[in-house]
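For reference, the structure discussed in these notes is given below.
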């Protein structure tokens, strides 16, 4: 790149390891770049830059890994529509512990999950409920607590969506143990968090 100095002289700049040098006369312009030829060059290999959340658990002595997709991995515009559904349900269902069926737009994680599944299906998504444990770091310290959420199918994958926690995609702290709350009773086994990153 060539530019003028304030005193009327010339400066030649290089961008690779930035170099600026004064020159007496205007240097010749470089040959034009053949963009098509440049794009045909093979790309050099590079380290994976994926930053997915990964949770590692031990369920009844067996190691299980939960990996959530990154936002760019989700197909667009479906991901935006799905996130809007999660936010709408989170806004419409007021948080309250409600034993049994919810009434009047109040509920806990189960009501959030059921409402999200219903709205997602109405919007054309394949959707289902999920139940298991979620890692929380609460006032009493860290724990894996019982929890329910929804899963929406995007790009052939089931993606966790948690309206109660306003997460889409829900993070790897969500360990699915069954399709719904009654499955948790049958799956009452020791669960331990090994790592969450």
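Numbering (the working numbering), first residue to last: 28 to 224.
Backbone N, C-alpha and C define an ideal beta-carbon position, used for all residues, glycine too.
Given the structure is predicted, the values throughout are model-derived calculations rather than measurements.
Span of the beta strand (DSSP E) holding residue i?
i, result
"residue 224", "Unbroken run through residue 224: none, as it is neither H nor E."
"residue 94", "89-94"
"residue 211", "Element bounds for residue 211: not the beta strand (DSSP E) but the alpha helix (DSSP H), 208-213."
"residue 178", "168-181"
"residue 204", "201-205"
"residue 155", "154-165"
"residue 187", "184-188"
Exposed or buried, residue i, counting other C-beta atoms within 10 Å across all chains shown (16 or more means buried)?
i, result
"residue 166", "exposed"
"residue 119", "exposed"
"residue 97", "exposed"
"residue 74", "Because the pLDDT at residue 74 is just 49, under 50, the model does not fix this residue reliably, and the value given afterwards should be weighed accordingly. Exposed, by the Cβ-count rule."
"residue 209", "exposed"
"residue 151", "exposed"
"residue 149", "exposed"
"residue 104", "exposed"
"residue 189", "buried"
"residue 60", "exposed"
"residue 76", "Residue placement at residue 76 is poorly supported in this model, since its pLDDT is 49, which falls under 50; the coordinates are not used for a value here."
"residue 134", "buried"
"residue 121", "exposed"
Can you tell me which residues form a DSSP beta bridge with residue i?
i, result
"residue 122", "134"
"residue 220", "84"
Rounded C-beta distance between residue i and residue j? I'm assuming under 8 Å.
i, j, result
"residue 221", "residue 84", "6 Å"
"residue 176", "residue 201", "6 Å"
"residue 116", "residue 142", "5 Å"
"residue 87", "residue 217", "6 Å"
"residue 178", "residue 199", "Their Cβ separation, rounded to whole angstroms, is 14 Å, which puts residue 178 and residue 199 out of contact at 8 Å."
"residue 154", "residue 147", "4 Å"
"residue 193", "residue 113", "7 Å"
Using a Cβ cut-off of 8 Å (strictly closer), state whether residue i contacts chain B.
i, result
"residue 89", "The structure shown has no chain B; it contains just one protein chain."
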